[in-house]
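Each remark here refers to the structure printed beneath this line.
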Amino acid sequence: MSILVTGAAGFAGSHVVEALAGDADTVGWTHNATPPKDVETLAEWQRVDLLNPTEVREAIARLKPSGVIHCAGAPNVAHSWRDTVTPLSVNVLATHHLFDALYRANLHCRVVVPGSATVYAASTSALTEDSPVAPANPYAVSKLAQEQLSLRAAREDHVEVVVTRSFNHTGPRQSGAFAAPNMARQIAMIEKGLAEPVIKVGNLEAQRDFTDVRDMARAYVLLLKQGAPSNVYNVASGVARVMRSVLEALVARARAEVLIETDVALMRPSDTPVLLGDSTKLRRETGWQPEIPFEQTLDDLLNYWRDVIRPT
Numbered sequence: 521m522s523i524l525v526t527g528a529a530g531f532a533g534s535h536v537v538e539a540l541a542g543d544a545d546t547v548g549w550t551h552n553a554t555p556p557k558d559v560e561t562l563a564e565w566q567r568v569d570l571l572n573p574t575e576v577r578e579a580i581a582r583l584k585p586s587g588v589i590h591c592a593g594a595p596n597v598a599h600s601w602r603d604t605v606t607p608l609s610v611n612v613l614a615t616h617h618l619f620d621a622l623y624r625a626n627l628h629c630r631v632v633v634p635g636s637a638t639v640y641a642a643s644t645s646a647l648t649e650d651s652p653v654a655p656a657n658p659y660a661v662s663k664l665a666q667e668q669l670s671l672r673a674a675r676e677d678h679v680e681v682v683v684t685r686s687f688n689h690t691g692p693r694q695s696g697a698f699a700a701p702n703m704a705r706q707i708a709m710i711e712k713g714l715a716e717p718v719i720k721v722g723n724l725e726a727q728r729d730f731t732d733v734r735d736m737a738r739a740y741v742l743l744l745k746q747g748a749p750s751n752v753y754n755v756a757s758g759v760a761r762v763m764r765s766v767l768e769a770l771v772a773r774a775r776a777e778v779l780i781e782t783d784v785a786l787m788r789p790s791d792t793p794v795l796l797g798d799s800t801k802l803r804r805e806t807g808w809q810p811e812i813p814f815e816q817t818l819d820d821l822l823n824y825w826r827d828v829i830r831p832t
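Counting from 521, one number per residue, gives the positions in the sequence shown under my numbering.
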């Protein structure tokens with residue numbers, strides 16, 4: 521049994537590779553990224569450009585996977601305002617190429633497509649899978665389109681598709697382009713004397729539902745095994761955390777004194793005040809629940825950046 525993980529060298533994808541270790545023969549697709557050292561021996565690595573339909577078709581025909589977790593994508597909300605082409609091509613067109621290749625190979629395997637909770641309309645209450653959708657940024661638009669492409673493949677091509685609406689997740693290996701790792705990166709630089717003792721931040725009043733990426737990866741693997749085809753599942757902790765409290769918790773772990781400064785360049789044109797998820801459906805059907813305390817997530821995130829940042 522071979523499980524294909526696309527975007528396997530990336531943040532969520534690399535943790536999915538770890539979560540699959542020992543369960544199946546894992547094949548990791550990457551385009552330009554190099555697999556992290558922690559996972560380089562846990563998969564067979566193949567370089568495949570998901571934007572090249574011929575390349576995707578040939579790779580799928582050779583591999584004939586028994587399951588797919590499609591983690592490849594353009595994940596950054598803020599960047600999508602400056603570059604709308606990338607999320608639409610990587611999140612939508614690449615997904616189309618994957619399902620087209622599965623169809624042409626006559627494969628009806630289980631495919632987990634990690635989507636995004638950003639597709640939901642703004643709400644101050646916990647969002648369920650039945651909550652209305654109203655994507656408010658180009659990234660969210662691309663993820664809703666990806667959802668619909670995936671569910672179309674389930675209806676018309678009889679692929680066993682499971683879609684998630686994943687809420688915020690963080691942890692080791694996350695890019696410094698995102699809020700929590702950006703804070704951790706700045707602290708690590710200050711500690712090593714590579715930056716002034718000032719952390720620049722965007723909107724600290726937003727509330728976000730954070731799950732450790734390792735718990736998120738475990739949810740994807742459980743859905744590969746137990747998720748109901750053609751269904752959408754929220755993956756969320758069920759706890760909304762004010763971003764200011766996340767920063768304060770990281771600063772409390774700092775080994776140097778730091779100041780906090782708001783940077784308007786880090787503000788988004790449209791920033792949802794509250795994003796909180798209800799993952800009752802996922803928990804009921806798979807038994808999943810978050811296992812890693814948020815305090816450990818922050819410890820591991822900061823220690824990751826301490827290891828990455830090296831004095832020149």
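Ideal Cβ positions, reconstructed from N, Cα and C, are used throughout, including at glycine.
Between Asp732 and Thr817, the C-beta spacing is below 8 Å. Leu743 and Val536 have their C-alpha atoms spaced approximately 12 Å apart. Contact annotation, Phe687 with Asp729: C-beta distance approximately 4 Å; criterion of less than 8 Å satisfied. In this chain, the alpha helix (DSSP H) harbouring Asp819 covers 814-828. Where Gln706 is concerned, there is no enclosing beta strand (DSSP E), although the alpha helix (DSSP H) around it starts and stops at 699-711.
In the structure shown, Lys584 falls within a coil segment according to DSSP collapsed to helix, strand and coil. Between the region 619-631 and the region 565-583 there are three or more C-beta pairs closer than 8 Å, enough to call the two in contact. Across the structure, Ser662 and Ser750 are spaced so that their CA atoms are roughly 19 Å apart. Taking each of Glu768, Glu560, Ala726, Gly587 in turn and checking the Cα distance to Ser522, the smallest one comes out for Gly587. The closest CA to that of Leu562, considering only Glu538, Glu725, Thr550, is found on Glu538. Leaving aside the five residues that flank Glu811 on each side, the residues in its chain whose CB is nearer than 7 Å to its CB run, in chain order, Asp735.
In this structure, the CA atom of Ala641 is about 43 Å from the CA atom of Gly713. Close CB contacts of Val576 within its chain, under the 7 Å cut and outside five residues either way in sequence, are with Val568, Leu570, His617, Leu618, Ala621 (chain order).
By the 16-neighbour rule on beta-carbons within 10 angstroms, Val605 is exposed.
If you compare the alpha carbons of Asp791, Val681, Val778, Arg672 with that of Thr638, the shortest gap goes to Asp791. In its chain, beyond the 5 residues on either side, Leu724, Glu725, Ala726, Gln727 have a beta carbon closer than 8 Å to the beta carbon of Val762.
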